[in-house]
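At position 435 of the sequence shown the residue is numbered 436 (our numbering), and the sequence of numbers has no breaks.
Beta carbons: idealized from backbone N, C-alpha and C, even for Gly.
Have a look at the structure below, then the notes.
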Amino acid sequence: MMYLYLMLFLMVSKVLLHAVKYLTFKKDIMKYRTKLYLAIIITAIISTLLCLGISYFQVRKIITNELRTNVMSIAAGTASLINKDDLISIQKTRSNDTIAYTQIQQQLRTVRDDNRREDIFVKYVYIIAPRENALGEYEYLVDAEDKNSRDYSPIGESADEADSAKLATNYRRIYAPDNFITDQWGTWMTAYAPIYDKDGKYIASIGVNLYADRVIAKIHKLLVYGVGTFGLTLVLMLFWGWFLSKRQAASLEGLHAGVKAIGGGNLAQRISLNTQDEFAELASEINTMAEGLQQRERLQLNFARYVSKHVMDSILQSGSQLSLTGERRKITLLFSDIRNFTKMSEKYPPEKVVKYLNEYFSVMVEIIFKNNGVLDKFIGDGIMVEFGVPLEDKEQELNAIKTAVEMIHAVKDLCAKWKSEAKNVPNIEIGVGIHTGMAVIGNIGSEKRFEYTAIGDTVNSASRIEQLTKELKTPILFSESTAQALEGKIKIKSMGAQVIRGKAEPINIYTIDET
């Protein structure tokens, strides 16, 4: 029966799944609402049938195993009660009129009658033994039934049920078939227990037939209840599927209308749904997107390549019009560089170098953006950053110093993280140079390729100051023009006048006083 049920379930599931696939991809047949409704119903049918089948066979398995255990226990207990000498005597005399036969028969009847209850009903208890000169065949020795009963099996009658139960290959152990045995007299759960003489020689087997028709009827009744539950579930799903598909379709129609309007250029369009689900979240995100598109129309598209989100937000909030064609203004430049990067790139495989660099740059860029810096470019392992562009920043020097300090600390934390994750990792150090001065800012390049950057002596000076960090063995250095704007804000100390490449006269260099 289980095989037939599985075949039926697989056939129904296959048909329903093909129906779902057909309805999903055939756009010209019906609307989404109808497809969703049918998909819900079909899914409910498949899942309910699956749960019903699993529940039925699991319950059947549990009940079968419990009955099997009980009948094996009865057989084993009965085998221990039998007098072996009396049984041997019966085999020799082959008479059912002896005292030995009567005593054993009475014992079998007692076991049978004691195990006829509502939860378990033992129909037959008997003793069978191998038939002489007939390999694999068994015959009755003692039967608990009355001699005048039509169910009585006399000595020597063939025990065909032993062959059905495959006792010949399992007679030396307490044994019961895994499943029920059905014959012309009914459905049974049968168990056998061996009987040995004093020398351990096998004599015969106790057979116990447990009448299973009652149990099977209960299992089938459970299946009927399951089918009824399936029908009730299907009716409920018909109503629930209709309601859900209607609601989802309404939300989808609202989203479709809103997106169509926005796609048509109406960026003022907003979507409003009276739900608290993913469709409402999607509508909110679409509204945010439309609002963002409205704001971004105020920016020139090329400028978005160079500015962080918070700088763009500041520009949007200011409402000012920016000129990207070029202007001369005061800015603060920051250059950073990884020391001994060449040795590091030679020591580690390329993929690891790229991995470490990407993680390093990610951390550095976050710090730069946090302090209102604008990332100009990556120069190999170096970074070029501007402060005071594209909007005026009165704290540009202090923001540059904050960025430098946080970068130094972040590098230490990053190295510690790498060491905790693996062995043989780089221990990097960086140098940071800062300079404040006038520079030309704007889009520089050709018509086909240009970038928003700064040029001029201020840029060169900042780069040269960064190179001094190696010579002076100091991680952060900045010029006098930067230091003047930091008076009263942080402690600084002079590193003296230093000659930098490209300058005829030495310039005063400073660093942070950490004492």
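| field | Cβ neighbours of Gly157 in the same chain (closer than 6 Å, five flanking residues each side left out) | value | Glu140
| request: Give me the Cα-Cα distance between Glu467 and Lys490, rounded to the nearest whole angstrom. | output: One alpha carbon belongs to Glu467, the other to Lys490, and they sit about 22 Å apart.
| Interface flag, Leu39 vs chain C, CB-CB below 8 Å | Absent from the structure is chain C; it holds one protein chain and no more.
| query | Just checking, does the stretch 425-440 make contact with the stretch 474-482 on the three C-beta pairs under 8 Å criterion? | reply | Yes, since at least three Cβ pairs between the stretch 425-440 and the stretch 474-482 fall closer than 8 Å, the two stretches touch.
| Residue closest to Ile196, alpha-carbon to alpha-carbon, out of Ile128, Asp147, Asn210 and Tyr226 | Ile128
| query | If we call anything under 8 Å between Cβ atoms a contact, is Val216 one with Ile64? | reply | yes
| Which word fits Phe336, buried or exposed, when buried means at least 16 other C-beta atoms lie within 10 angstroms of its C-beta? | buried
| field | beta strand (DSSP E) runs wholly inside the stretch 109-152, at least 3 long, in chain order | value | 123-131 and 139-144
| Sub-8 Å separation of Val209 and Val126 beta-carbons | yes
| For Ile332, does the count of other Cβ atoms within 10 angstroms reach 16, so buried, or fall short, so exposed? | buried
| Proximal residues to Ser273 (C-beta, below 8 Å), its chain only, five neighbours per side dropped | Gly255 and Ala284
| Residues bridged to His436 (per DSSP) | Paired residues: Leu334.
| said: Could you give the first and the last residue of the continuous beta strand (DSSP E) run that contains Glu387? | reply: Gly383 to Phe388
| task | For Lys494, write down the residues that DSSP places opposite it in a beta bridge. | result | Thr512
| request: Throw me the rounded Cβ distance for the Ile175 and Ala77 pair, which I believe falls under 8 Å. | output: 5 Å
| field | Residue closest to Arg518, alpha-carbon to alpha-carbon, out of Arg95, Lys148 and Met73 | value | Given a span of 2 to 516 for the chain in the structure shown, any question on residue 518 remains unanswerable.
| field | Closest residue to Gln270 among Ile445, Val260 and Asp98 (Cα-Cα distance) | value | The shortest Cα separation from Gln270 among Ile445, Val260 and Asp98 belongs to Val260.
| task | Excluding the 5 residues preceding and the 5 following Lys167 in the sequence, name in chain order all residues of the same chain whose CB lies nearer than 6 Å to its CB. | result | none
| To which residues of the same chain is Glu506 closer than 6 Å at the C-beta, ignoring the five residues directly before and after it? | The beta carbon of Glu506 sits closer than 6 Å to none of the beta carbons in its chain outside the five residues before and after it.
| DSSP on Pro195, reduced to helix/strand/coil? | Residue state for Pro195 is assigned as strand, using DSSP reduced to three classes.
| task | My understanding is that Ile510 touches Gly497, with C-beta atoms under 8 Å, so please give their C-beta distance in whole angstroms. | result | With 8 Å as the limit, Ile510 and Gly497 qualify as a contact, their Cβ atoms being about 7 Å apart.
| message | Does Pro391 pass the burial test, meaning 16 or more other C-beta atoms within 10 Å, or should it be called exposed? | response | buried
| request: Would you please state the rounded distance, in angstroms, between the beta carbons of Ala455 and Glu387? I believe it to be under 8 Å. | output: That pair is a contact at about 6 Å.
| task | Provide the residue(s) that pair with Tyr226 in DSSP beta bridges, ordered along the chain. | result | In DSSP, Tyr226 forms no bridge with anything.
| Segment contact, 8 Å Cβ cut-off, at least three pairs: the stretch 220-239 with the stretch 46-62 | yes
| field | Distance between Lys494 and Glu515 (C-alpha atoms, nearest Å) | value | The straight-line gap from Cα to Cα measures roughly 9 Å.
| field | Rounded C-alpha distance that separates Cys52 from Ala417 | value | 53 Å
| Mapping DSSP to helix, strand and coil, what is Tyr172? | coil
| query | Between Met496 and the ligand PLP, is the CB less than 7 Å from at least one heavy atom? | reply | Although the ligand PLP was asked about, the structure shown includes no ligands whatsoever.
| task | State buried or exposed for Gly293, treating a residue as buried only when at least 16 other CB atoms are found within 10 Å of its CB. | result | exposed
| Closest by CA to Leu334, which one among Ala145, Phe231, His436 and His410? | His436
| request: Look at the Cβ atom of Ile384, then the Cβ atom of Ala411, and state whether they are nearer than 8 Å. | output: no
| query | Got a sec? Which residues, its chain only, sit under 7 Å from Glu407 by beta carbon, not counting five neighbours each side? | reply | Ile368
| Rounded C-alpha distance that separates Ile501 from Lys371 | 30 Å
| message | Can you find the residues in the same chain that come closer than 7 Å, C-beta to C-beta, to Val112, ignoring five residues on each side of it along the sequence? | response | Ile75, Thr79 and Val126
| Do the CB positions of Leu88 and Ala213 come within less than 8 Å of each other? | no
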